[in-house]
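As you go down the protein sequences, you meet chains S and F in turn. With the numbering used here applied, the first sequence covers 6 to 231. With the numbering used here applied, the second sequence covers 6 to 231. No residue lacks a Cβ here, since even glycine has one placed at the ideal position from N, Cα and C. Structure first, commentary second.
2 protein chains.
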Amino acid sequence: MEPLLVFPDPVPPELAQSLDLAGYPWKAVADEAGLVAAEPEDGWSGAIVVAAHDLDGAFAVCRALRKRDLPLEPLLLLISGAQVADLELRDDLFDDFCLYPFQPREFEARMKHLFWRTGRGTRPELIEYGDLRLNLETYQAAIAGKPLDLTYMEYELLKFLASHPGKVFTRETLLSRVWGYEYYGGARTVDVHVRRLRAKLGEEHANLIQTVRSVGYRFGQSRWGL
Amino acid sequence: MEPLLVFPDPVPPELAQSLDLAGYPWKAVADEAGLVAAEPEDGWSGAIVVAAHDLDGAFAVCRALRKRDLPLEPLLLLISGAQVADLELRDDLFDDFCLYPFQPREFEARMKHLFWRTGRGTRPELIEYGDLRLNLETYQAAIAGKPLDLTYMEYELLKFLASHPGKVFTRETLLSRVWGYEYYGGARTVDVHVRRLRAKLGEEHANLIQTVRSVGYRFGQSRWGL
DNA sequence: GCGAGTGTGAACGCTATGTGAACCGCTTCG
DNA sequence: CGAAGCGGTTCACATAGCGTTCACACTCGC
């Protein structure tokens with residue numbers, strides 16, 4: 006596991022202790038300049054920024070971390086109770102915060118939840134939508150409990166569509182995202198795969214993949230929430 | 006704003022007070038059966054589940070909320086310090102947690118951050134004007150909650166008009182901006198599409214698109230009032 | 001009341017999509 | 001080594017949905 010970035014340097018001893026006890030590798034950074042200098046080859050796996058002693062410096066570090074091409078996640082902010090009000094309008098600078106000084110149990114639970122949450126974004130192991138279920142680990146699909154016998158491309162296409170329910174994708178987008186970025190091929194290929202998917206989904210569920218004329222295809226119903 | 010779901014019923018008084026002070030509308034629910042019974046027409050805007058007094062009941066509610074077609078978000082869990090360990094392996098049941106009893110400032114900050122996060126992460130790009138709502142991601146439109154079945158050109162035209170409310174466009178402008186810059190066609194095409202749009206909007210909302218004689222069309226009310 | 005501008009219904013023709021089948025490369029098995 | 005099977009791609013054709021156009025009725029302003 007890549008190390009966590011921790012600000013400031015030196016790190017408060019109780020934080021260092023909690024991190025070590027929980028088994029997180031970490032590296033302290035004193036200021037913005039250190040972000041680049043101390044960065045491991047494979048990047049940071051997350052960041053913990055202690056704002057309790059230096060609010061402005063902490064926010065500066067957060068900003069620097071979030072401005073990168075790939076904003077660093079997750080980012081946990083440790084602040085004193087009196088600083089809670091300063092979070093206002095700075096929601097974009099952190100993923101979660103924890104009152105400082107902290108209870109080790111709460112700190113550890115927040116770390117776990119944060120990693121779980123951001124990890125889920127990159128590697129979900131199960132996709133479910135209505136009766137449909139895709140097991141990404143075993144490459145199996147099932148609808149209403151009945152297993153679907155999908156080919157590789159069919160599975161990949163369905164996986165991509167089902168992981169963005171409601172959103173419409175053009176054939177070109179699907180070709181580049183599902184087939185590959187430099188794919189040379191006719192857009193009708195998508196049609197054929199959609200047709201086979203619909204056939205395998207069965208008459209009852211064929212409408213899971215909807216045609217949006219002149220645009221492309223959409224999986225499932227739109228989300229009108231919020 | 007739609008109300009928050011709060012479990013259990015009765016709600017602890019300090020929680021009720023904090024919610025009221027922060028201006029969140031809310032509705033208490035006593036058990037899983039109440040989730041459906043008490044649900045507002047437009048759904049919940051989020052949930053707060055107090056686990057401090059009834060851990061199992063709280064998790065049951067969380068599970069029920071997350072199993073729905075559209076898992077309810079955001080979901081804030083309130084737990085006692087002794088229960089933190091019980092969060093283990095239940096990361097999927099909540100979005101954030103707060104130690105209970107809580108400091109109102111921390112509670113409020115978590116609520117704000119949660120709403121900011123879910124709003125930003127999952128909110129589709131929308132165009133809204135009065136009862137009209139256009140979802141740009143899903144190519145769907147709805148008026149007063151009822152979905153509109155629009156064709157591609159109708160959708161594009163409405164999208165363009167609705168994104169410049171109050172402004173008058175000539176047919177030529179519309180042809181070049183909606184149809185395309187090199188479009189060579191009769192101006193009456195616009196009329197026909199406007200007519201169909203009005204018909205689909207329904208008698209009640211047909212006046213959303215107004216005719217400005219000798220000039221063109223305008224969406225919504227003029228900025229000078231009417 | 002006249003004319004320009006706009007609403008309306010219907011008809012036409014095009015284009016995007018559905019559909020069946022052929023093709024082609026790859027793997028498997030005899 | 002060749003045949004067969006499988007899966008992905010492409011092609012040709014059918015078709016319905018949709019955009020455009022036109023003719024005519026109507027309305028508004030002068």
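{"Query": "DSSP three-state label for Trp49 of chain F, please.", "Result": "coil"}
{"Query": "When you compare each of S:Tyr157, S:Lys151, S:Gly150 to Leu268 of chain S by their alpha carbons, which one comes out closest?", "Result": "There is no way to answer for residue 268 of chain S, as the model of chain S reaches only from 6 to 231."}
{"Query": "Between the alpha carbons of Leu92 of chain S and Val66 of chain S, how many angstroms are there, rounded?", "Result": "15 Å"}
{"Query": "When the Cα atoms are used, what is the spatial distance from Gly51 of chain F to Ala192 of chain F?", "Result": "48 Å"}
{"Query": "Kindly indicate if chain F contains any beta-carbon less than 8 Å away from that of Val55 of chain S.", "Result": "no"}
{"Query": "CB-CB under 6 Å to Gln215 of chain F, same chain, minus the five flanking residues each way: which ones, in chain order?", "Result": "Arg223"}
{"Query": "Of the residues that make up the segment 73–99 of chain S, which ones have a beta carbon closer than 7 Å to any beta carbon in chain F?", "Result": "Gly86, Val89, Ala90, Leu92, Asp96"}
{"Query": "Which one of F:Pro106, F:Pro76, F:Asp74, F:Pro79 has the shortest CA to CA distance from Gly86 of chain F?", "Result": "F:Pro106"}
{"Query": "Counting Cβ pairs closer than 8 Å, one from the segment 10–20 of chain F and one from the segment 193–203 of chain S, do we hit at least three?", "Result": "no"}
{"Query": "I need the straight-line Cα distance from Val197 of chain S to Phe112 of chain F, nearest angstrom please.", "Result": "52 Å"}
{"Query": "Within a Cβ cutoff of 7 Å, which residues of the same chain sit near Gly225 of chain F, ignoring the five residues on either side of it in sequence?", "Result": "Tyr134, Pro170, Gly171, Leu213"}
{"Query": "Kindly list, in the order they appear in chain F, the residues whose Cβ is closer than 9 Å to that of Trp49 of chain S.", "Result": "Neighbours of Trp49 of chain S on chain F: none; closest Cβ ~21 Å, over 9 Å."}
{"Query": "Give, in chain order, every residue of the segment 132–165 of chain S whose Cβ lies closer than 9 Å to some Cβ of chain F.", "Result": "Tyr134, Gly135"}
{"Query": "Taking the continuous beta strand (DSSP E) assigned at Val183 of chain F, which residues delimit it?", "Result": "Premise fails: Val183 of chain F is in no beta strand (DSSP E) and is neither H nor E."}
{"Query": "Rank S:Lys32, S:Phe64, S:Leu163, S:Leu81 by C-alpha distance to the C-alpha of Tyr119 of chain S and give the top, closest one.", "Result": "For the sequence presented, residue 119 of chain S should be read as Leu rather than Tyr. Minimum Cα distance to Leu119 of chain S is reached at S:Leu81."}
{"Query": "Specify the secondary structure class of Leu162 of chain F as computed by DSSP and reduced to three states.", "Result": "helix"}
{"Query": "Is DSSP giving Lys205 of chain F helix, strand or coil here?", "Result": "helix"}
{"Query": "Quick one: what's got a C-beta closer than 8 Å to Arg182 of chain F's C-beta in the same chain, skipping five residues either side?", "Result": "Phe165, Phe174"}
{"Query": "What does a CB cutoff of less than 6 Å around Thr123 of chain S pick up in its chain, not counting 5 residues either side in sequence?", "Result": "Glu78, Pro79"}
{"Query": "In this structure, does DSSP put Lys117 of chain F in helix, strand or coil?", "Result": "helix"}
{"Query": "Can you say whether Leu137 of chain F is buried or exposed, counting buried as having 16 or more other CB atoms within 10 angstroms of its CB?", "Result": "buried"}
{"Query": "Does any residue of chain F bring its CB to less than 8 Å from the CB of Ser219 of chain S?", "Result": "yes"}
{"Query": "Using a Cβ-Cβ cutoff of less than 8 Å, which residues in the same chain neighbour Ala69 of chain S once the five nearest sequence positions on both sides are dropped?", "Result": "Glu37, Leu40"}
{"Query": "Note down, in chain order, each residue of its chain lying with its Cβ closer than 6 Å to the Cβ of Ala211 of chain F, except the 5 sequence neighbours on either side.", "Result": "Arg203"}
{"Query": "Identify each residue in the segment 105–119 of chain F for which the Cβ-Cβ distance to at least one residue of chain S is less than 9 Å, and report them in chain order.", "Result": "Gln108, Arg110, Glu111, Glu113, Ala114, Arg115, Lys117, His118"}
{"Query": "Does Phe107 of chain F come out as helix, strand or coil in the three-state DSSP assignment?", "Result": "coil"}
{"Query": "Among F:Thr143, F:Phe64, F:Tyr29, F:Trp49, whose alpha-carbon lies nearest the alpha-carbon of Leu98 of chain F?", "Result": "F:Phe64"}
{"Query": "Does the CB of Gly171 of chain S have a neighbour CB from chain F at under 8 Å?", "Result": "yes"}
{"Query": "What does Trp121 of chain F touch in chain S if you count any residue whose Cβ is under 9 Å from its own?", "Result": "Asp96, Asp97"}
{"Query": "If we cut at 8 Å on Cβ distances, does Asp101 of chain F have a partner in chain S?", "Result": "yes"}
{"Query": "Hey, out of S:Ala43, S:Val89, S:Leu26, S:Leu180, whose CA is closest to Val55 of chain S's CA?", "Result": "S:Val89"}
{"Query": "Tell me which residues share the same chain as Val11 of chain S and place their Cβ nearer than 6 Å to its Cβ, disregarding the 5 neighbours each side in the sequence.", "Result": "Trp31, Ala33, Ile53"}
{"Query": "With which residues is Ala33 of chain S paired in a DSSP beta bridge?", "Result": "S:Val11"}
{"Query": "How is Glu133 of chain S classed by DSSP in three states: helix, strand or coil?", "Result": "strand"}
{"Query": "Taking only beta-carbon atoms, is Arg223 of chain S less than 8 Å away from chain F?", "Result": "yes"}
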